[in-house]
DNA sequence: TGTACTGTAATAAAAATAATTACAGAATGA
DNA sequence: TCATTCTGTAATTATTTTTATTACAGTACA
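Chains as they are written, first to last, in our numbering: chain A, 68 to 203; chain B, 68 to 203.
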């Protein structure tokens, strides 16, 4: 994973938690994260799709936590943003004529799933509330 | 991690294990992985630096496993190739004027280290020999 | 001494990521 | 009602990362 979606999402969620139910604009969030507001809004669309946040259009609009921070664990956040496999692309196309190349992707995938489960298991032990507590 | 260094390295090591001590050319390795030979040679330089493989220059040259496959565990391979953090870049520069932005990288790093340890712990349970066995 | 390799640098191409611009539409409130 | 301030979203451009390509010196072999 070499994009910044996980840290960005977690940053957004933390700020929303700090806001204590008040609506926060994408402009403000972008200012704290120091990225483009459009990227924030895209990420919010994704977080919304997963039920973590809600948003309000129009003047005075913005977004807010849609669930209790205790009910959002970091594994769920991870799952909501993950795109690549954890240990690198398996989108390569090894040579099917080679006995190793032919089946390596299958074995890599097993390995990835197993490793990813260990990661997810670890992340699931911490909620957004736990994480946000560090800033208080 | 969105480059392919881990799967490439593991693929190389697996092929070298299959070769049973015989020297294998970067051309052949590249053919099985289906990537450029120069990239293979770079990766081999790295694997060599970490003591996993040896290589021989000149005609009839190539590379070979420098350790018993049972003595190479996948966590070591992971450590040898990792560049990014596991959960995405923390190279961003959040706004230091924001109380959250100011300290989030520190907390993200703790989170990353913890999560990465879980991953490494999982990978360390499997050796190259275990992995290569799947192809036999 | 030609051939087949590695090692390595330099460059170019491709792909992924992020920023920017633009604007329609929603909610607010003066 | 109408200017203002937001979101939602598409389209485009810029930047960064990753990979491929080209080139060639040096090494070992036969």
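Glycine included, every Cβ here is placed at the ideal spot set by N, Cα and C.
An exposed status is given to residue 176 of chain A, since fewer than 16 other beta-carbon atoms sit within 10 Å of its beta-carbon. With a threshold of 16 other beta carbon atoms within 10 Å, residue 163 of chain A falls short and is exposed.
Interface flag for residue 174 of chain A against chain B is set, since a Cβ pair is found closer than 7 Å. Under the three-state reduction of DSSP, residue 130 of chain B is assigned to strand. Among the CB atoms of chain A, one or more fall inside 7 Å of the CB of residue 201 of chain B. Taking 7 Å as the CB threshold, residue 114 of chain B stays off the interface with chain A. Among the residues facing chain A, residue 98 of chain B is included, as its CB has a counterpart in that chain under 7 Å away. Per DSSP, the unbroken beta strand (DSSP E) holding residue 121 of chain B starts and ends at 120-123. Taking C-beta atoms as the reference points, residue 153 of chain B and residue 182 of chain B count as a pair closer than 7 Å. At a C-beta separation below 9 Å, residue 88 of chain B has no neighbours in chain A, since its nearest C-beta there lies roughly 16 Å away.
Across the set A/135, A/195, A/159 and A/97, the C-alpha of A/97 shows the shortest separation from the C-alpha of residue 129 of chain A. Looking at the DSSP output, residue 194 of chain A bridges to A/140. Using a CB distance cut-off of 7 Å, residue 185 of chain B counts as an interface residue toward chain A. For residue 105 of chain B, the secondary structure class from DSSP, reduced to helix, strand or coil, is helix. For residue 105 of chain B, no chain A residue has a Cβ inside 7 Å of its Cβ, as the nearest lies near 16 Å away. An exposed status is given to residue 94 of chain B, since fewer than 16 other beta-carbon atoms sit within 10 Å of its beta-carbon.
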